[in-house]
Structure formats: C-alpha cells, structure tokens
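Let me begin by presenting the structure, written as structure tokens, before commenting on it.
Numbering (the working numbering), first residue to last: 1 to 334.
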C-alpha cells in the first residue's frame with residue numbers, strides 16, 4: 001500500500017485513486033484537520049491516522065510508518081511525479097484560455113504552484129504566475145529570501161490546506177525559476193475572500209482555495225485589465241467554520257449588529273422598543289434580558305438585541321431614532 005501525510009486535498013486525491021486502483025491507502029492528518037477532509041478520506045476507504053497538531057508532525061509520523069516497512073511514501077509536494085500531475089492544471093489553462101495573462105495560485109509546500117507554473121509556461125511562456133501564502137505561515141517567502149528551505153514555528157491559520165512550516169527543496173527550486181512572485185494574505189483577508197466567493201460566485205471554498213482571490217483583491221499585483229485565472233484549489237471547509245466566517249462577515253458589512261438598550265422594567269416597555277425597531281424594518285434575531293448582571297438602576301433593565309440590518313446606514317439611522325425616543329443605547333463591539 002501507500003502512505004501519505006496531508007493537511008489539504010492531497011490526501012483525498014491519494015485516497016480516491018487508491019480506491020480506484022485497489023491499493024490500500026494510509027493517510028496521516030493533523031489532529032485538528034477539518035472533519036470534512038477526515039470523513040471524505042475514510043469514505044474512499046483510506047485508513048486515516050490523526051497525529052500531531054500540524055502538518056509537519058503528521059508528516060513525521062507518516063515517514064516513521066514507511067521507514068518501518070509500512071508501505072510506499074507518496075510525498076504531498078516535494079516529488080517530481082506529484083508536481084507533474086499538478087502541471088496538468090497549467091496545461092489545461094493554456095489550452096482552454098489561450099489569451100491568458102496571469103494565474104494566481106495558493107502556495108503551501110509549493111507543489112501546486114510549481115506544477116501550474118511549469119504547465120502553463122510550457123505552452124504560454126509570457127503568462128505571469130503569482131503564488132499566495134497565509135501571512136501566518138509564509139514558508140515559501142522565507143525560503144526564497146534565505147535561498148533554502150526554512151523551518152517556521154507552527155501557527156494557526158484558516159488556510160489549513162497550505163499550513164506548511166517548511167517547503168521542499170524541489171519545489172523551492174521550481175518556484176524560484178518559474179513563479180513570478182509570492183505574496184501573503186492575512187486571516188481576515190482569507191475570511192473575506194471565502195465570503196465574497198460564496199455570496200457573489202455561489203462557490204464554497206476553503207481558506208487555501210480563497211487565497212488567490214484574497215491576494216487579487218488586497219495586493220497590488222499589477223493585473224488591472226488583465227485576463228486572470230484564480231485556482232480555487234479546494235472546497236473542503238467545515239460547516240461550523242463557514243458559519244463563523246459568514247456571521248463575522250455580516251457584522252463587518254453592517255448586516256448584523258448587537259445593541260444594548262436600557263429600559264424601565266415595567267410591562268409594555270419591551271413591546272414599545274421592538275415596535276420602534278420594526279418601524280425601521282430591522283429584524284430582531286435575538287433578545288437577552290440582563291437584570292442581575294447589570295449596573296443599571298434597580299427599576300431599570302438592560303436588553304441586548306441582535307439585529308439583522310441592510311447595512312451601516314440603517315444601523316446609524318436606527319440608533320439615532322432610539323436615542324431621539326429617549327432610550328440609552330450602546331452599539332456593542334464585534
């Protein structure tokens with residue numbers, strides 16, 4: 001059988017083809033791997049071992065298994081055959097979009113970026129290829145600066161598919177020669193890109209898959225007016241993570257807000273407040289009363305409301321309306 005380590009979609013690909021070819025597959029994933037990746041790999045019949053807190057620890061365990069005679073190791077990125085497989089993406093892009101100007105692709109260990117660059121430039125040498133890493137783990141940027149792979153300390157990122165602490169020597173050499181630039185994007189930029197793709201393109205992507213759009217939107221890549229392909233390299237994101245990203249995005253856009261209002265603690269007070277809110281066409285999602293744990297006067301109560309609004313303009317209008325009606329109102333921080 002074959003053994004691999006994966007924090008991204010490499011493991012799923014190995015599991016799929018193992019099932020197709022009748023080859024036993026063992027995948028070592030970090031203990032915090034998204035549930036969707038874990039269950040998908042098992043659904044293809046792979047044995048999944050959870051080990052360590054990051055990709056590098058999972059990788060070390062996979063090598064221990066193969067060094068002990070437990071199978072053939074398939075490296076997730078530092079392997080010329082794996083890179084050649086990734087290069088088929090570049091070949092397809094060159095064939096399907098002959099007037100292509102640039103490709104933006106995520107970088108973890110560097111196999112995908114190296115392969116895409118090799119493939120597309122074999123057919124279209126003038127195409128620019130730009131790699132994107134998470135600012136939390138810029139392993140390729142640091143390696144390019146140092147001239148050799150550099151091992152970075154572990155760091156959390158929502159782009160778990162590219163959360164690699166050290167790139168390979170093969171991928172570093174190929175990226176240096178064929179990738180035009182490598183930039184980094186923050187966690188907030190990744191989250192915003194996930195939400196943007198979901199809302200505008202109706203496409204669900206994981207953090208690593210959203211990295212190219214995050215770079216295109218937030219970095220001066222010099223691609224204005226160019227024909228650009230973004231490689232959305234994965235859609236395996238847990239529903240819980242996606243839910244958190246959506247909610248935070250709504251708050252940032254002013255479509256979800258939390259306000260505290262002090263009321264006289266008597267019958268009808270809450271009804272009058274909610275009527276004012278309804279008149280402004282804001283939707284109440286949640287109401288919490290705070291009596292015991294409040295610094296208000298004994299005869300008052302504090303109400304915290306979570307409201308669905310159309311944007312910042314409506315929030316400001318509603319707050320002004322409530323203050324004009326005599327309420328003490330405070331917009332709560334995110």
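A virtual CB, placed ideally from N, CA and C, is assigned to each residue, including glycine.
- Item | Per DSSP, the bridge partner or partners of residue 102 | Bridge partners of residue 102 according to DSSP: 128 and 228.
- Task: With residue 83 as the anchor, note down where its alpha helix (DSSP H) starts and where it stops.
- Result: Start and end: 80–96.
- Message: Please return the same chain residues whose Cβ sits closer than 7 Å to the Cβ of residue 230, not counting the five positions on each side in sequence.
- Response: 104, 212, 213 and 216, listed in sequence order.
- Task: Please list the segments of the alpha helix (DSSP H) lying wholly inside the region 111–191, counting only runs of 4 or more residues, in order along the chain.
- Result: For the region 111–191, whole alpha helix (DSSP H) runs of length 4 or above, ordered along the chain, are 111–123, 139–146 and 169–178.
- Message: I need the boundaries of the alpha helix (DSSP H) containing residue 315, first residue and last residue.
- Response: For residue 315, the enclosing alpha helix (DSSP H) has its first and last residue at 312–324.
- Message: Counting C-beta neighbours from all protein chains within 10 Å, is the total for residue 160 16 or more, i.e. buried, or is it exposed?
- Response: Classification for residue 160: buried.
- Have a look at residue 25 and residue 74 and give me their C-alpha separation to the nearest angstrom. So the alpha carbons of these two residues sit roughly 10 Å apart.
- Message: Can you confirm whether the region 111–125 touches the region 141–150 when touching is taken to mean that 3 or more C-beta pairs between the two stretches lie within less than 8 Å?
- Response: No contact exists between the region 141–150 and the region 111–125.
- residue 324 to residue 192, Cα distance in whole Å? Per the coordinates, the alpha-carbon of residue 324 lies some 35 Å from the alpha-carbon of residue 192.
- Query: Near residue 110, which residues of its chain fall below 7 Å by C-beta distance, leaving aside the five closest residues on each side in sequence?
  - Reply: Same-chain partners within the cutoff: 77, 140, 167, 168, 171, 172 and 175.
- Task: Answer with buried or exposed for residue 56, where buried requires no fewer than 16 other C-beta atoms within 10 angstroms of its C-beta.
- Result: Using a 10 angstroms sphere on the CB of residue 56, the tally of other CB atoms reaches 16 or more, which defines it as buried.
- Beta bridge counterpart(s) of residue 73 as assigned by DSSP: Paired residues: 3.
- Whole beta strand (DSSP E) runs in the region 256–309 with 3 or more residues, listed along the chain? Fully enclosed beta strand (DSSP E) runs of 3 or longer: 256–264, 283–290 and 300–308.
- Query: What residues are listed by DSSP as bridge partners for residue 328?
  - Reply: Looking at the DSSP assignment, residue 328 forms a beta bridge with 262.
- Message: Taking its Cβ as the centre, do 16 or more other Cβ atoms sit within 10 Å of residue 312, making it buried, or is it exposed?
- Response: Around the beta carbon of residue 312, fewer than 16 other beta carbons sit within 10 angstroms, so the residue counts as exposed.
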